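Below: the structure, in structure tokens.
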């Protein structure tokens with residue numbers, strides 16, 4: 001029978017603030033935390049859709065006029081923009097497009113995705129509101 005051998009820990013133990021020592025880890029953690037605001041705003045939107053579907057449109061519009069909801073919406077907008085920009089940049093770093101012998105840079109993917117975001121957003125607004 002094999003006897004129990006003690007194997008040393010191969011990596012050091014992490015402290016609760018391990019991610020603050022490296023800028024890339026800190027940016028990653030902030031991006032992950034911003035997704036909480038995106039999720040909360042999605043719940044508000046789903047709540048609004050349920051009120052809208054039941055015919056309580058005025059109740060939802062009054063709810064949206066609350067200063068706390070307006071403030072939260074502005075904070076959620078800023079966090080959503082940060083989350084989207086860092087995600088688009090990360091997309092370009094993880095999956096660069098090869099054109100000939102060169103690869104695209106992450107900032108090129110960021111710019112392209114932001115342009116596509118503006119175009120798709122405009123088309124959605126045009127289809128729903130302006131048409």
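In the numbering used here, the protein residues as written are 1 to 131. C-beta atoms are modelled at their ideal positions from N, C-alpha and C, and glycine is treated no differently. The structure displayed is predicted, hence computed values, not measured ones.
Straight-line Cα distance separating residue 12 from residue 113: Locating residue 113 in the chain shown gives position 113, where the first residue counts as 1. Locating residue 12 in the chain shown gives position 12, where the first residue counts as 1. Approximately 39 Å between the Cα atoms of the pair.
Where residue 50 falls: helix, strand or coil (DSSP): For the purposes of this step, residue 50 is taken as residue 50 along the chain shown, with counting starting at 1. In the three-state DSSP reduction, residue 50 falls in the helix class (H, G or I).
Residue 109 beta carbon less than 8 Å from that of residue 79: As a working mapping, residue 79 is identified with position 79 in the chain shown. As a working mapping, residue 109 is identified with position 109 in the chain shown. Contact: no.
Secondary structure, alpha helix (DSSP H): runs of 4+ residues fully inside the segment 62 to 90: Qualifying alpha helix (DSSP H) stretches: none in this window.
Which listed residue (85, 104, 92, 116) has its alpha carbon closest to that of residue 27: Translated into positions along the chain shown, residue 27 becomes position 27. If we check each option's Cα against that of residue 27, 85 comes out closest.
Among 29, 37, 60, nearest to residue 51 - alpha-carbon criterion: One-based indexing of the chain shown puts residue 51 at position 51. Residue 60 is the option with its Cα nearest to residue 51.
Proximal residues to residue 106 (C-beta, below 7 Å), its chain only, five neighbours per side dropped: Residue numbering aside, residue 106 sits at position 106 when the chain shown is read from its first letter. Only 89, 92, 93 meet the Cβ criterion.
C-alpha gap between residue 111 and residue 6, whole angstroms: What you label residue 111 is simply residue 111 of the chain shown in a count that begins at 1. What you label residue 6 is simply residue 6 of the chain shown in a count that begins at 1. The alpha-carbon atoms of residue 111 and residue 6 are separated by roughly 52 Å.
Residues of its chain near residue 76, where Cβ-Cβ distance is below 6 Å and the 5 sequence neighbours each way are ignored: For the purposes of this step, residue 76 is identified with residue 76 of the chain shown, where counting begins at 1. Spatial neighbours of residue 76 in its own chain (CB-CB distance under 6 Å, excluding positions within 5 residues in sequence) are listed in chain order as 37, 41.
Proximity to residue 83 [Cα-Cα], best of 9, 19, 44, 32: Your numbering for residue 83 matches position 83 in the chain shown. Looking at the Cα atoms, 32 is the closest of the given residues.
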